[in-house]
Amino acid sequence: MELGHGVRIGYFDQHGAHYSDAVTVVDAIRPAGSHLEAQERRDLLARFGITGDRALQPVRLLSGGERNRANLARLAALGANFLLLDEPTNHLDLWARESLEKALQQFPGTVLFVSHDRYFINQVADHLIVLESNHVRIVEGNYDTYRHLKETLWAEAPSAGTAPQQPEKPPVKQKSEGRSADQKPRRKRKFPYRKLEDLEAEIFQREARLEELYQMLASPEVYRSGQRVREVQQEIQEQKEALARLYEHWEEAVELDR
Numbered sequence: 001m002e003l004g005h006g007v008r009i010g011y012f013d014q015h016g017a018h019y020s021d022a023v024t025v026v027d028a029i030r031p032a033g034s035h036l037e038a039q040e041r042r043d044l045l046a047r048f049g050i051t052g053d054r055a056l057q058p059v060r061l062l063s064g065g066e067r068n069r070a071n072l073a074r075l076a077a078l079g080a081n082f083l084l085l086d087e088p089t090n091h092l093d094l095w096a097r098e099s100l101e102k103a104l105q106q107f108p109g110t111v112l113f114v115s116h117d118r119y120f121i122n123q124v125a126d127h128l129i130v131l132e133s134n135h136v137r138i139v140e141g142n143y144d145t146y147r148h149l150k151e152t153l154w155a156e157a158p159s160a161g162t163a164p165q166q167p168e169k170p171p172v173k174q175k176s177e178g179r180s181a182d183q184k185p186r187r188k189r190k191f192p193y194r195k196l197e198d199l200e201a202e203i204f205q206r207e208a209r210l211e212e213l214y215q216m217l218a219s220p221e222v223y224r225s226g227q228r229v230r231e232v233q234q235e236i237q238e239q240k241e242a243l244a245r246l247y248e249h250w251e252e253a254v255e256l257d258r
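By the count of our numbering, the sequence shown reaches residue 258 at its end, each step adding exactly one.
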């Protein structure tokens with residue numbers, strides 16, 4: 001891969017470990033050796049929703065979501081126009097993830113991220129590179145676009161570039177003194193055997209439920225009741241943990257069942 005002229009990469013660190021809690025936000029985003037004026041930095045922060053006196057407060061007073069926005073402003077101050085993110089919604093609460101989604105939607109450059117979070121993908125992505133069991137798909141759209149194509153167009157026709165099935169040949173028995181030197185031992189299963197189709201069906205079902213739960217948190221009937229909020233948040237956590245196990249199970253099935 002070759003980078004185009006003028007591309008400047010920035011790695012997004014959701015923990016903001018590079019910040020000193022004692023400095024003000026407007027000073028924290030100043031790149032080393034930069035002559036960017038304070039007002040220019042405040043304008044950058046305002047683009048990502050940190051306005052007024054909030055920009056002049058110490059970093060330690062920022063919420064998790066505000067730290068994410070300040071981090072994006074810092075990358076913009078550095079001149080980064082190509083962001084790299086690895087599972088950016090891991091360990092974020094609802095408010096922090098919503099803040100991150102809005103900040104990325106406002107980012108003027110290119111964002112490349114790896115994620116299993118369907119809702120986040122739907123909110124942020126407009127192109128997908130999907131790694132499937134035996135090929136890679138390029139999709140113009142978000143996760144819902146990918147799912148629709150998978151259930152309709154791709155389900156009705158063989159994948160492009162797929163070789164036609166060859167008649168099976170009878171197995172040839174060979175004498176063996178044991179495992180050859182270049183034959184690697186097969187990895188042991190961590191999870192019980194399940195068909196890929198079954199795993200994907202359960203993943204789709206749980207992802208749909210997770211999206212419903214996030215929408216429920218925004219409804220007046222739920223957020224006006226502390227008890228209902230706690231119940232929904234508890235189910236969100238359970239669904240996310242179940243999905244994490246399913247993603248790992250799916251990856252193992254792709255590797256071992258080819």
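The C-beta atom is built at its ideal place from N, Cα and C for all residues, glycine as well.
Coil, strand or helix - residue i by DSSP
i: residue 89; result: coil
i: residue 58; result: strand
i: residue 245; result: helix
i: residue 138; result: strand
i: residue 11; result: strand
i: residue 78; result: coil
i: residue 72; result: helix
i: residue 83; result: strand
i: residue 22; result: coil
i: residue 29; result: coil
i: residue 6; result: coil
i: residue 230; result: helix
i: residue 36; result: coil
i: residue 193; result: coil
i: residue 206; result: helix
i: residue 251; result: helix
i: residue 239; result: helix
i: residue 218; result: coil
i: residue 224; result: coil
i: residue 49; result: coil
Candidates the options: closest to residue i by CA position
i: residue 83; options: 151, 133 and 109; result: 109
i: residue 112; options: 42, 20, 31 and 11; result: 11
i: residue 61; options: 23, 75, 42 and 98; result: 23
i: residue 65; options: 90, 41 and 77; result: 90
i: residue 189; options: 48, 106, 98 and 248; result: 248
i: residue 246; options: 46, 117 and 52; result: 117
i: residue 135; options: 145, 125, 141 and 154; result: 154
i: residue 218; options: 98, 50, 37 and 5; result: 98
i: residue 242; options: 101, 106 and 203; result: 203
i: residue 34; options: 107, 144 and 78; result: 78
i: residue 239; options: 146, 205 and 194; result: 205
i: residue 102; options: 139, 63, 49 and 145; result: 49
CB-CB length for residue i against residue j, believed under 8 Å
i: residue 9; j: residue 55; result: Contact flag wrong, Cβ pair sits at about 26 Å.
i: residue 114; j: residue 87; result: 6 Å
i: residue 20; j: residue 28; result: 7 Å
i: residue 214; j: residue 94; result: 7 Å
i: residue 25; j: residue 57; result: 6 Å
i: residue 47; j: residue 30; result: In fact, because the Cβ distance is near 16 Å, the residues do not count as touching under 8 Å.
i: residue 222; j: residue 228; result: 5 Å
i: residue 36; j: residue 76; result: The Cβ separation is near 10 Å, so there is no contact.
Residue i beta carbon near the ligand SAM (any heavy atom closer than 7 Å)
i: residue 218; result: The ligand SAM is not among the ligands present in this structure, which contains no ligands whatsoever.
Q) How about the stretch 241–255 and the stretch 199–213: do they share at least three Cβ pairs that are nearer than 8 Å? A) yes
Q. Per the contact definition of three or more C-beta pairs closer than 8 Å, is the stretch 142–156 in contact with the stretch 122–131?
A. yes
Q) Taking one C-beta from the stretch 227–240 and one from the stretch 204–213 each time, how about it: are there three or more such pairs within less than 8 Å? A) Judged by Cβ distances under 8 Å, the stretch 227–240 makes contact with the stretch 204–213, as three or more pairs qualify.
Q. Are the stretch 55–70 and the stretch 108–124 touching by the rule of at least three beta carbon pairs closer than 8 Å?
A. Judged by Cβ distances under 8 Å, the stretch 55–70 makes no contact with the stretch 108–124, as fewer than three pairs qualify.
Q: Quick one: which unbroken beta strand (DSSP E) runs of 3-plus residues sit fully inside the stretch 96–151? Chain order, please.
A: Within the stretch 96–151, the complete beta strand (DSSP E) runs of at least 3 residues are 110–114, 127–131 and 136–140.
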